[in-house]
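Residue numbers (this note's numbering), protein chains in the order written: chain A, 6 to 403; chain B, 13 to 417. To start, the structure itself, in structure tokens.
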């Protein structure tokens, strides 16, 4: 089916409507000294809204985004008709580069994968090169979303696999975190061996061994576990809402730019590690959600479909059987869940375990692109544990 | 500290701003044929927004509220929080022997939940018990000021409500409450019971089951792990149906609680800024928690308007969830044995309630002298089935008022 080059071009009427809404913004007050405890601080929101109204130039950032090679193509999904899928596709000059599919999560977007594209496609004698495809999950960015219930992880995986095949990549590898982990894991389960040859994730988790004694952990590791516990206790309301009543939430998030800003910004800050977001970066990220093809609600539904009827917590991320194809793990200190490396071996056939990086959180492709690209190069490069996993695509010039 | 008469009088500016926002409202789409499964349906919200823009007349509603409910405000000192200006309804009965009754609402309720029961309580048939009624707007709701500092929790809400009664000259009184009103009046019964509060009645009987916490999955699994035998023989058929409903609500209908209890400010930006967003957020619960009640569009819009035009804005109303849950467990203190109220307790069970626990459990939480199980009505009993609630309240308080316990 035909691929169409794509350029983001938000109609002026939508930009005007956004400004009209911002001009009517009603802000709540805030309790004294509440900091981040009750949610996003008022000072941050005030500052961001002011910038959004005066100073932030969407057209400038739109033009920058359009420097990324974007496309759309219709992809059929069993039982759900055909969806128009948006993606970035950048081939390397190296003909034998390794095809790689990058899958974001929530509140991620295609922009999240954009920084590793030039790093991974770059040619070098010292490291492998990749052809990179950055998928916009259905319902996110400029991809169409499902119209009926039941569009679950298997359907997202089907889209990812079919996209790679349509681009001529019969065999490929994947990289993903957050929902990207669930989707690439499903790709590995359904299409592993035949199409997907190896998978890599930066969202690492695992269970403690049966005889686990917390006092044996270093104080650093104990602190990391405590931080995770805190995030799970106090930071999962969004997930519960999106997986049970996404439509109810959607009215507020579709209608209120400042409401959407706060909802997503809270996670952009809480889930990154010493990353200095500029206001314009935040506003570009939020604007993509705001102007997305399906609106914010398109991005909530994956929670409902994949988590709304869980019988086991995080079922979509860990249900048996674990995929057999080789798995690589990158460990970043600021992610939501940080566990000792030995615990995470249960995620699959782990052939690559990165060092624990200096910095980086839940969006390392965006926060620490060099580190993540470096791990992929180590995993798939000469002498690496997954070298040659895609036949005839070794990643180097001959 | 003096009392000032109060009438609801929303400014033209506020009404115009609301209409401006509605005129440029963006609505999401919806999946095919999902009805209520994913949340409030688009057809309902579309229809309500259209009515709000054209047809719904706030000034008429406002005038009716003012005519039906005599309102006042007064400043009250709250320990550690300074002075708060508190809004309340106060209507005395003409009849002899009227009992002073405090009515306390919850979320997403307000003082207007008392509007139907007010005439019934203050002007009953001559052979029925009459009441002087006070319906407080909790701080952060309706036209009461909200606290400015952190930590304003159940004890503080209890203190405010109690001080209103004392200020009105009601040294001895009874209480009726559901939702947060049920938990606040429970606390009041423990703090002021005996000396001031003579008896209390709730339509929201709750108890901490084995592993109640902010994680509904824990409740779900702990309740569902009750041995089947225990389940079958110790609970009546209606209780079994009720437990199933409770488990379903816990599994699919408690996200609002979790987000409001952990990140009320984050959510607050959306609810303060978008009338449509707030409408859907609250309307979902008005329908889910009531028992087949035929909400009229203007009723719903009046209800939501109270939140939009509230003195402190909608975001302030969420904070009670955070403050009461800050330790990660819901209100630990009120379940402790030495905090259980001793004064006579009355319970009305309504089948549409969102949390329906076995009566044997509830009896352990207080000195239950009155129980009534109804076959109609839900979470908003005073609004949905006022005659049933009032019937219970009349019967219970007539029997216990004046009796020394």
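Beta carbons are placed, not taken as given, at the ideal position from N, Cα and C, and that holds for glycine. Keep in mind it's a predicted model, so treat the numbers as computed, not measured.
Quiz item: Mind checking if residue 268 of chain A is an interface residue toward chain B, Cβ cutoff 8 Å exclusive?
Solution: Output row for residue 268 of chain A: interface = yes.
Quiz item: Along the chain, which unbroken stretches of the alpha helix (DSSP H) at least 4 residues long are found entirely within the stretch 290 to 359 of chain A?
Solution: For secondary structure counted as the alpha helix (DSSP H) over 4 or more consecutive residues, the stretch 290 to 359 of chain A holds these complete runs in sequence order: 301 to 312, 320 to 323.
Practice problem: Note down, in chain order, all residues in the stretch 294 to 312 of chain B with a beta-carbon under 8 Å from any beta-carbon belonging to chain A. | Solution: Within the stretch 294 to 312 of chain B, the qualifying residues are 296.
Quiz prompt | Residues of its chain near residue 30 of chain B, where Cβ-Cβ distance is below 7 Å and the 5 sequence neighbours each way are ignored | solution = Once the five neighbours on either side are set aside, the close Cβ partners of residue 30 of chain B are 287, 320.
Self-check item: Interface flag, residue 241 of chain B vs chain A, CB-CB below 8 Å
Solution: No answer about residue 241 of chain B holds up, because its pLDDT of 46 lies below 50 and its placement is not dependable.
Quiz prompt | the stretch 172 to 182 of chain A contacting the stretch 202 to 211 of chain A, beta-carbon criterion three pairs below 8 Å | solution = Under the three-pair Cβ rule at 8 Å, the stretch 172 to 182 of chain A counts as touching the stretch 202 to 211 of chain A.
Exercise. State yes or no: is the C-beta of residue 118 of chain B within less than 8 Å of the C-beta of residue 296 of chain B?
Key: In this structure, residue 296 of chain B does not lie closer than 8 Å to residue 118 of chain B by Cβ.
Quiz item: Alpha carbon to alpha carbon, what distance is there between residue 269 of chain A and residue 278 of chain A?
Solution: Answer to the nearest angstrom: the Cα atoms are 16 Å apart.
Quiz item: Under the criterion of a Cβ to heavy atom distance below 7 Å, does residue 129 of chain A qualify as lining the ligand NAD?
Solution: The model depicted lacks the ligand NAD and carries no ligand whatsoever.
Quiz prompt | Nearest-angstrom Cα separation, counted from residue 193 of chain B out to residue 141 of chain B | solution = Near 22 Å, if we compare the C-alpha coordinates of residue 193 of chain B and residue 141 of chain B.
Practice problem: Could you tell me whether any Cβ in chain A is nearer than 8 Å to the Cβ of residue 120 of chain B? | Solution: False, the Cβ-Cβ gap to chain A never drops below 8 Å.
Self-check item: Contact set between residue 283 of chain B and chain A, taken where Cβ atoms lie within less than 7 Å
Solution: Within chain A, the residues near residue 283 of chain B are 257.
Exercise. Could you tell me whether the Cβ of residue 5 of chain A comes closer than 8 Å to any Cβ of chain B?
Key: Chain A is shown from 6 up to 403; residue 5 of chain A falls before or after that span and cannot be answered.
Quiz item: Out of curiosity, what's the CA-to-CA distance linking residue 183 of chain A and residue 60 of chain B?
Solution: Between the alpha carbons of residue 183 of chain A and residue 60 of chain B lies a distance of about 37 Å.
Exercise. Note down the Cα distance separating residue 131 of chain A from residue 102 of chain A, rounded to an integer number of angstroms.
Key: Each residue's Cα considered, the two are about 13 Å apart.
Quiz prompt | Segment limits, alpha helix (DSSP H) that includes residue 7 of chain B | solution = Chain B is shown from 13 up to 417; residue 7 of chain B falls before or after that span and cannot be answered.
Practice problem: At 7 Å on the CB atoms, spell out the chain B contacts of residue 251 of chain A, in chain order. | Solution: Against residue 251 of chain A, the close residues of chain B are 50, 51, in the order they occur along the chain (beta-carbon pairs closer than 7 Å).
Practice problem: Assign residue 102 of chain B to one of three DSSP states: helix, strand, or coil. | Solution: Secondary structure of residue 102 of chain B (DSSP, three-state): strand.
Quiz item: Among all the DSSP beta bridges, which residues are the ones paired with residue 354 of chain B?
Solution: Bridge partners of residue 354 of chain B: none, in fact.
Quiz item: Along the chain, where does the alpha helix (DSSP H) that runs through residue 374 of chain A open and close?
Solution: Its alpha helix (DSSP H) spans residues 374 to 385.
Practice problem: Compare the Cα-Cα distances from residue 197 of chain B to each of B:268, B:181, B:215 and report the closest residue. | Solution: Distances from the alpha-carbon of residue 197 of chain B to those of B:268, B:181, B:215 put B:215 closest.
Practice problem: Please confirm if the stretch 293 to 302 of chain A is in contact with the stretch 32 to 46 of chain A, defined as three or more CB-CB distances below 8 Å between the two stretches. | Solution: Short answer: they don't touch.
Quiz item: Does the beta-carbon distance from residue 337 of chain A to residue 366 of chain A come in below 8 Å?
Solution: Yes, they are a contact pair.
Quiz item: Distance, Cα to Cα, residue 174 of chain A vs residue 264 of chain B?
Solution: The straight-line gap from Cα to Cα measures roughly 41 Å.
Practice problem: Give a yes or no on whether 8 Å exceeds the smallest Cβ distance from residue 260 of chain A to chain B. | Solution: Interface residue, yes.
Practice problem: Would you tell me roughly how many angstroms separate the C-alpha atoms of residue 131 of chain B and residue 252 of chain A, rounded to the nearest one? | Solution: Roughly 38 Å separates the two Cα atoms.
Quiz item: Using the beta-carbon of each residue, which ones in chain B are nearer than 7 Å to residue 154 of chain A?
Solution: Within chain B, the residues near residue 154 of chain A are 43, 46.
Quiz item: Does DSSP put residue 118 of chain A in a helix, in a strand, or in coil?
Solution: Residue 118 of chain A sits in a helix when the DSSP states are folded into three classes.
Quiz item: Taking only beta-carbon atoms, is residue 91 of chain A less than 8 Å away from chain B?
Solution: Chain B contact via Cβ: absent.
Quiz item: Of all the beta strand (DSSP E) runs that stay within the bounds of the stretch 180 to 227 of chain B, which reach a length of 3 or more residues?
Solution: DSSP assignment within the stretch 180 to 227 of chain B yields the following whole beta strand (DSSP E) runs of 3 residues or more, N-terminal first: 185 to 189, 209 to 214.
Quiz item: Which class does residue 17 of chain B belong to by DSSP, given the choice of helix, strand or coil?
Solution: Strand at residue 17 of chain B.
Exercise. Would you give the residue range spanned by the alpha helix (DSSP H) that residue 276 of chain A belongs to?
Key: From DSSP, residue 276 of chain A is part of no alpha helix (DSSP H); its letter is neither H nor E.
Quiz item: Using the beta-carbon count (16 or more within 10 Å), is residue 178 of chain B buried or exposed?
Solution: Label assigned to residue 178 of chain B: exposed.
Quiz prompt | Among A:190, A:402, A:12, A:246, the one whose alpha carbon lies nearest that of residue 320 of chain A | solution = Residue 320 of chain A has its Cα closest to that of A:190, out of A:190, A:402, A:12, A:246.
Practice problem: Please report the residue range of the alpha helix (DSSP H) in which residue 264 of chain B lies. | Solution: It spans 249 to 264 - the alpha helix (DSSP H) in which residue 264 of chain B sits, taken as one unbroken run.
Quiz prompt | Interface positions of the stretch 27 to 41 of chain B facing chain A (Cβ-Cβ less than 9 Å), listed along the chain | solution = When CB distances to chain A are screened at a threshold of 9 Å, the residues of the stretch 27 to 41 of chain B falling below it are 29, 32, 33, 36, 37, 38, 39, 40, 41, in chain order.
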